[in-house]
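Structure, as structure tokens:
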Amino acid sequence: MEFTAQQISDMLGGTVEGNPSAKVSRLSKIEEGSPGSLSFLANPKYIPHIYSTKASVVIVNRSFVSENPVEATLVRVDDAYASFAKLLEMYNRIQRDKKGIEEHSFISPSAKVGKDVYIGAFAYIGHHAVIKDGAKIYPQVYLGDNVVIGENTTLFSGAKVYSDCVIGANCTLHSDSVIGADGFGFAPSTGIYNKVAQIGNVIIEDDVEIGANTSIDRATLGSTIIRKGVKLDNLIQVAHNVEIGENTVIAAQTGIAGSTKIGKDCMIGGQVGIVGHITIADGVKVAAQSGIGSSISTPGEIVQGSPAFNISDYKRTYVLFRKLPELEKKIIELEKTISDLRQTTT
Amino acid sequence: MEFTAQQISDMLGGTVEGNPSAKVSRLSKIEEGSPGSLSFLANPKYIPHIYSTKASVVIVNRSFVSENPVEATLVRVDDAYASFAKLLEMYNRIQRDKKGIEEHSFISPSAKVGKDVYIGAFAYIGHHAVIKDGAKIYPQVYLGDNVVIGENTTLFSGAKVYSDCVIGANCTLHSDSVIGADGFGFAPSTGIYNKVAQIGNVIIEDDVEIGANTSIDRATLGSTIIRKGVKLDNLIQVAHNVEIGENTVIAAQTGIAGSTKIGKDCMIGGQVGIVGHITIADGVKVAAQSGIGSSISTPGEIVQGSPAFNISDYKRTYVLFRKLPELEKKIIELEKTISDLRQTTT
Amino acid sequence: MEFTAQQISDMLGGTVEGNPSAKVSRLSKIEEGSPGSLSFLANPKYIPHIYSTKASVVIVNRSFVSENPVEATLVRVDDAYASFAKLLEMYNRIQRDKKGIEEHSFISPSAKVGKDVYIGAFAYIGHHAVIKDGAKIYPQVYLGDNVVIGENTTLFSGAKVYSDCVIGANCTLHSDSVIGADGFGFAPSTGIYNKVAQIGNVIIEDDVEIGANTSIDRATLGSTIIRKGVKLDNLIQVAHNVEIGENTVIAAQTGIAGSTKIGKDCMIGGQVGIVGHITIADGVKVAAQSGIGSSISTPGEIVQGSPAFNISDYKRTYVLFRKLPELEKKIIELEKTISDLRQTTT
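Residue numbers (numbering that gives the first Met the number 0), protein chains in the order written: chain P, 0 to 345; chain A, 0 to 345; chain E, 0 to 345.
In structure tokens, the structure reads:
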């Protein structure tokens with residue numbers, strides 16, 4: 000793929016300043032630009048780079064005023080960052096535009112495969128599975144019996160979806176994410192543990208992203224539910240019967256225990272642990288590495304610590320934690336002073 | 000699968016109250032019941048739902064006395080929860096009753112495959128591997144050379160077992176669990192690290208469950224050992240030469256460093272970290288997110304914190320941690336009072 | 000494989016003491032030795048075992064003086080531990096000496112495959128991928144388009160490398176490690192999150208080891224970089240645009256957020272969390288379960304805690320944390336004493 004500055008400008012509704020036939024074939028950061036690369040300048044703190052960049056073409060805001068000579072050809076647009084993000088996405092769509100069914104895939108005769116679908120080699124499509132139009136099933140993906148994959152959803156290599164789970168439209172599941180493994184349920188019985196069969200499923204609604212190696216267990220009965228627009232990073236654990244509300248975002252390595260219900264629009268940091276059978280209100284924010292041991296009922300509350308409490312209180316408390324040696328010293332001094340005083344007064 | 004209330008009652012040794020030919024084809028929670036579903040009522044706090052449920056058939060305890068009219072057909076049994084769990088398990092066994100060898104699997108000619116075995120497509124069975132009767136090897140599973148899989152053990156899609164590892168009978172390994180990868184052993188040598196070859200294996204005894212994306216490393220020499228009845232949740236790290244005692248249960252995302260020996264009947268919460276080369280006594284309980292930095296020699300001890308100590312002490316201490324601003328205020332007041340006193344007395 | 004004591008001695012440049020034709024066919028720890036096994040004795044605390052071991056041959060230091068009769072044949076060498084490690088490695092190399100291309104693999108016609116390469120069944124080699132001489136691609140590995148795998152690098156079963164990523168020479172990637180999944184980048188827009196396309200890649204230099212289920216995300220733009228000699232344990236999260244310096248070692252389940260730069264020769268414990276957009280100096284050590292919330296600019300600093308600070312200060316502070324109930328008691332006593340004093344003086 001090679002484009003001229005003029006072609007890029009036309010795509011973005013911009014205007015060219017410099018050589019309209021300057022050619023670019025890849026995208027780069029402005030500070031790492033090289034001949035043939037296309038960059039952008041949005042954040043003012045990167046302005047100095049525009050005078051030294053080797054990128055052939057740079058997208059800038061219409062309002063940008065250069066105070067030194069610029070070698071690169073400029074494409075001026077209303078919003079340089081948004082325009083560049085749009086190009087990134089177009090680039091990605093072209094790069095990942097896989098279609099057709101590769102040899103060496105296993106598709107059950109009872110499965111239903113839609114139009115414009117990609118199914119890679121060594122992918123396994125179970126009985127009665129449904130793959131809707133435009134879905135991309137990369138090599139080595141596993142779809143158990145009765146699984147449904149929505150329109151334009153992509154499962155990268157090695158993603159696994161156990162039987163009966165349902166994935167919505169426009170979702171992305173990264174490699175080795177595991178959807179629908181058995182919930183961790185055992186009934187103790189005279190020193191040993193008997194497995195409680197897990198016959199529910201996982202429902203993932205539209206526009207959800209699931210990171211690499213993230214595990215979402217099936218419900219014991221009913222469904223583990225990931226609502227529309229949720230974004231989960233890598234290596235996250237979601238236990239059986241959990242529900243995560245719309246547009247909640249969770250960073251890597253966080254774990255959520257069974258039957259907990261998380262509200263919508265929450266932001267949860269990395270390595271957070273959340274116990275089972277509690278409820279987190281909408282819009283709650285949890286700092287990384289926190290532990291949530293009980294329900295949070297105030298929408299929008301921000302917490303930290305393990306167990307977590309209000310983040311401002313936590314920060315104030317942690318300052319004093321660090322000052323504990325000083326506090327202890329003061330107590331010792333007080334004891335001494337008082338002992339002296341007592342001798343004085345008696 | 001469709002059953003009548005009478006058939007269910009006969010399976011469970013119960014008695015029917017209502018329409019014996021009421022038909023059900025799936026299981027549901029009582030509060031989510033719908034026509035054609037079978038539910039159960041065991042916990043008294045769910046009693047109100049029995050008057051409104053749309054489930055066609057509900058399993059209840061013989062002792063249950065209804066105080067309002069019930070629409071559903073009832074099946075009365077001695078223990079409604081146990082009966083329902085039994086049905087869950089039967090359901091699961093039928094659902095997952097896979098047998099035979101699918102095309103596109105790779106089975107070394109030197110491997111030994113028992114009776115009534117399932118081997119899915121794209122599964123890889125290495126040289127001299129042994130798969131005993133009734134084992135289920137789902138698609139895309141990897142068994143290295145000389146691996147042994149016990150009777151009736153199930154490996155779900157994409158589970159990996161490196162060469163020379165041995166898995167017992169009636170185990171379940173979930174997707175993308177990795178058994179027998181190299182232990183993390185490196186010998187420092189003038190600024191770089193030389194790998195120490197890891198030639199031991201992993202031994203998993205009978206009745207063990209291993210969660211999705213859990214990793215158990217092979218021993219440097221000898222064996223990493225997971226004893227009978229151990230249950231490991233998802234995303235757990237077990238390092239080389241660790242031993243985990245019988246019927247110990249460990250929640251998700253916990254990590255155990257090399258050569259540590261954990262007793263039997265322990266319960267370890269999620270996201271716990273345990274250092275290497277220590278011993279944990281039988282029956283110890285560890286609260287989630289704790290860090291264990293040294294051996295625990297008292298059987299049954301319960302600990303929390305990082306580093307962890309007795310859980311009651313920890314809880315008391317954490318209350319004071321939260322009160323640190325208040326404690327500091329008291330110290331400041333004391334200092335002031337004493338300063339005043341000194342002026343008074345001098 | 001069977002060797003005599005004499006053959007082993009010749010390989011290691013040692014001298015035999017006992018029966019030179021004693022035969023061994025496997026390696027064991029000295030305390031677990033059995034007839035036919037070869038052990039070693041290096042650590043003095045294991046000396047008692049040499050008088051009781053059932054191992055047929057034991058490698059010992061030339062300087063070792065036995066004070067009791069020894070049944071095993073001894074092979075005396077300059078450095079018993081180093082010699083044994085060398086044997087371990089030879090053993091491993093023989094065990095894992097796979098070559099050739101197994102049936103049922105998918106190799107794009109445009110891929111370039113070097114000499115002496117192993118490609119296992121169900122491995123997927125994308126378009127224009129390059130596999131250099133001596134590389135081992137185990138079954139079910141996925142290499143996306145344009146991926147490069149360096150000389151003598153091994154990817155164990157199920158490792159995944161997304162398109163455009165580059166892996167150096169002499170690396171080891173364990174099962175289900177995921178290299179190059181999308182970074183976790185979303186732009187908020189009126190309540191929902193729009194994905195920011197991630198079009199960079201991951202570059203892994205030579206001599207790197209990557210543990211099972213570890214995830215390294217591709218850069219948004221540019222590269223996520225793992226420098227020469229880095230060792231990463233299992234279940235680690237490395238976010239987009241991170242850079243990890245030469246010979247840094249990181250234990251299991253640690254997570255590093257986006258754009259952070261870690262120096263060389265660092266040692267980072269397990270379950271550590273490191274926020275994004277910071278810099279860690281060379282040679283820094285971080286205790287397990289710590290949280291790094293801001294840059295560390297002092298080379299060689301050792302830290303602990305969440306948020307972390309100097310490890311000695313942390314340990315001193317944590318001792319006082321445990322003594323908080325005692326400190327509170329002292330404060331209460333002080334308050335009482337002062338109250339009494341005031342009454343006395345007024």
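Glycine residues also receive a C-beta, built at the ideal position from the N, C-alpha and C atoms.
- Beyond the five residues adjoining it in sequence on each side, P:Asn233 comes within less than 7 angstroms, by CB distance, of Gly210, Ala211, Asn212, Thr213, Ala251 in the same chain, given in chain order.
- The Cβ neighbour count for A:Lys335, taken over all protein chains shown within 10 Å, is under 16; the residue is labelled exposed.
- With the criterion set as a beta carbon lying under 8 angstroms from some beta carbon of chain P, the members of the region 194 to 212 of chain E are Lys194, Val195, Ala196, Gln197, Ile198, Asn212, in sequence order.
- Within the region 91 to 122 of chain A, the residues whose Cβ lies closer than 9 angstroms to some Cβ of chain P are Asn91, Arg92, Gln94, Arg95, Glu101, Glu102, His103, Gly119, Ala120, Phe121, listed in chain order.
- In terms of beta-carbon proximity, P:Thr336 lines the interface with chain A, with at least one pair separated by less than 7 angstroms.
- Under the Cβ criterion of 7 angstroms, E:Arg341 is not counted among the residues facing chain P.
- By the neighbour-count definition (other C-beta atoms within 10 Å, threshold 16), E:Lys98 is an exposed residue.
- P:Ile106 has its alpha-carbon roughly 30 angstroms from the corresponding atom of E:Leu172.
- Cβ neighbours of P:Ser82 within its own chain (closer than 6 angstroms, five residues either side excluded): Leu11, Ile58, Val76.
- DSSP places A:Gln270 outside both helix and strand once states are collapsed to three, so it counts as coil.
- E:Ala280 is not a Cβ neighbour of E:Pro306, given a cutoff of 7 angstroms.
- With respect to chain E, the C-beta atom of P:Ser214 has no partner C-beta closer than 7 angstroms.
- Within the region 249 to 322 of chain A, complete alpha helix (DSSP H) segments of at least 4 residues are found at 310 to 321, given in chain order.
- Around the beta-carbon of A:Gln270, 16 or more other beta-carbon atoms lie within 10 Å, marking it buried.
- Burial is judged here by how many other beta carbons sit within 10 angstroms of a residue's own beta carbon; A:Ala110 has at least 16 and is buried.
- DSSP, reduced to helix, strand and coil, places P:Thr223 within a strand of the structure shown.
- Between P:Ser8 and P:Val15, the C-beta gap is smaller than 7 angstroms, which places the two residues in contact.
- DSSP, reduced to helix, strand and coil, places P:Thr343 within a helical segment of the structure shown.
- Secondary structure note for E:Asn60: its beta strand (DSSP E) is the uninterrupted segment 56 to 60.
- With a threshold of 7 angstroms between beta carbons, A:Leu319 makes no contact with chain P.
- Secondary structure of P:Asn193 (DSSP, three-state): strand.
- Considering only beta carbons, the part of the region 2 to 27 of chain E lying closer than 8 angstroms to chain A consists of Leu26, Ser27, in chain order.
- At a cut-off of 7 angstroms, the C-beta of P:Ser156 has a neighbouring C-beta in chain E.
- For the 7 angstroms CB-CB criterion, P:Ile136 and P:Thr152 do not form a contact.
- Taking all protein chains in view, the Cβ of A:Thr223 is crowded by 16 or more other Cβ atoms within 10 Å, so the residue is classified as buried.
- Taking C-beta separations shorter than 7 angstroms and ignoring five residues to either side along the sequence, the partners of A:Thr253 in its chain run Ile235, Ile267, Gly269, Gln270, Val271, following chain order.
- For E:Leu231, no CB of chain P lies under 7 angstroms from its own CB, so it is not counted at the interface with that chain.
- Counting only runs of 3 or more residues that sit fully inside the region 92 to 122 of chain P, no beta strand (DSSP E) segment turns up.
- DSSP places P:Ser8 in the uninterrupted alpha helix (DSSP H) bounded by 4 to 11.
- For P:Ile198, the secondary structure class from DSSP, reduced to helix, strand or coil, is coil.
- Two segments are said to touch when three or more pairs of C-beta atoms, one from each, lie closer than 8 angstroms; by this definition the region 110 to 128 of chain E touches the region 145 to 163 of chain E.
- P:Ile215: member of the beta strand (DSSP E) spanning 214 to 216, first to last residue.
- Between A:Pro34 and A:Lys53, the C-beta gap is smaller than 7 angstroms, which places the two residues in contact.
- With respect to chain A, the C-beta atom of E:Ser174 has a partner C-beta closer than 7 angstroms.
- P:Ala180 sits in a strand when the DSSP states are folded into three classes.
- Residues of the region 227 to 260 of chain E with a Cβ closer than 8 angstroms to any Cβ of chain A, in chain order: Gly228, Lys230, Asp232, Asn233, Leu234, Asn246, Val248, Ala250, Ala251, Gln252.
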